[in-house]
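Sequential numbering of the sequence shown, starting at 110, is according to this note's numbering.
Backbone N, C-alpha and C fix where the C-beta goes; we use that ideal spot for every residue, glycine too.
None of these values were measured; they are calculated from a predicted model.
Beneath this line is the structure, given in structure tokens, with notes to follow.
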Amino acid sequence: MSVTNSKRADNRILTIALLSFYWLHNSSSFRFQKACVKYGVPDVDLFQSTDLWDQKNIAAVTITIFAIGRTAYKHPEWRGPWLGPRPSEENKREFSEQQLRAGEAIIGLQAGTNKGATQAGQNFGASRKIILGK
């Protein structure tokens with residue numbers, strides 16, 4: 110076998126090894142994403158395999174990790190440490206017609222008020238009097 114044929118054979122072996130390596134990574138990340146969806150993580154929070162293996166979007170990988178942490182709150186079998194805030198739960202309220210009519214009579218603060226925080230006492234253009242040591 111000549112040197113050229115030997116290099117070609119080595120390149121083919123290397124190419125096959127690299128392709129199987131990338132397939133393994135893509136396959137394992139696909140299984141990870143499938144397990145995340147089965148666990149209850151929303152699809153929009155999952156990263157793509159290139160985000161992790163090519164290190165193109167590590168922020169997306171971090172978002173997935175935090176999404177898993179949020180989803181773990183919904184699983185009572187999880188006894189480990191928590192990651193991220195607890196997801197909010199629905200708090201539906203029912204109001205009677207009388208309560209709704211009473212709310213219409215109240216003028217909201219967005220309409221304006223002369224109570225609460227004001228800009229009284231501000232000194233525009235004047236320096237603050239700071240006395241050190243007293």
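My understanding is that residue i touches residue j, with C-beta atoms under 8 Å, so please give their C-beta distance in whole angstroms.
i	j	result
Leu161	Val170	5 Å
Phe175	Asn166	Phe175 to Asn166, Cβ: 14 Å. No contact.
Name the residue from the options whose alpha carbon lies nearest to the alpha carbon of residue i.
i	options	result
Ile177	Phe139, Gln208, Gly149 and Arg210	Gly149
Thr65	Pro185, Gly193, His184 and Trp187	No information on residue 65 is available, as it lies outside the stretch 110 to 243 that the chain covers here.
Phe204	Glu213, Pro196 and Glu198	Glu213
Arg195	Gln207, Asp163 and Thr180	Thr180
Ile163	Lys147, Gln208, Ser138 and Trp187	It is Asp, not Ile, that sits at residue 163 in the sequence shown. Of the listed residues, the one whose Cα sits closest to Asp163 is Ser138.
Mapping DSSP to helix, strand and coil, what is residue i?
i	result
Tyr148	helix
Met110	Here Met110 scores only 47 on pLDDT, less than 50, and its place in the model is too uncertain to base an answer on.
Arg178	Before going further, note that residue 178 is Gly rather than Arg in the sequence given. Helix, per DSSP.
Leu205	What sits at residue 205 in the sequence shown is Ser, not Leu. Coil, per DSSP.
Ile167	helix
Leu218	helix
Ala229	coil
Lys224	coil
Pro196	coil
May I ask which residues mark the beginning and end of the alpha helix (DSSP H) holding residue i?
i	result
Thr159	Ser158 to Trp162
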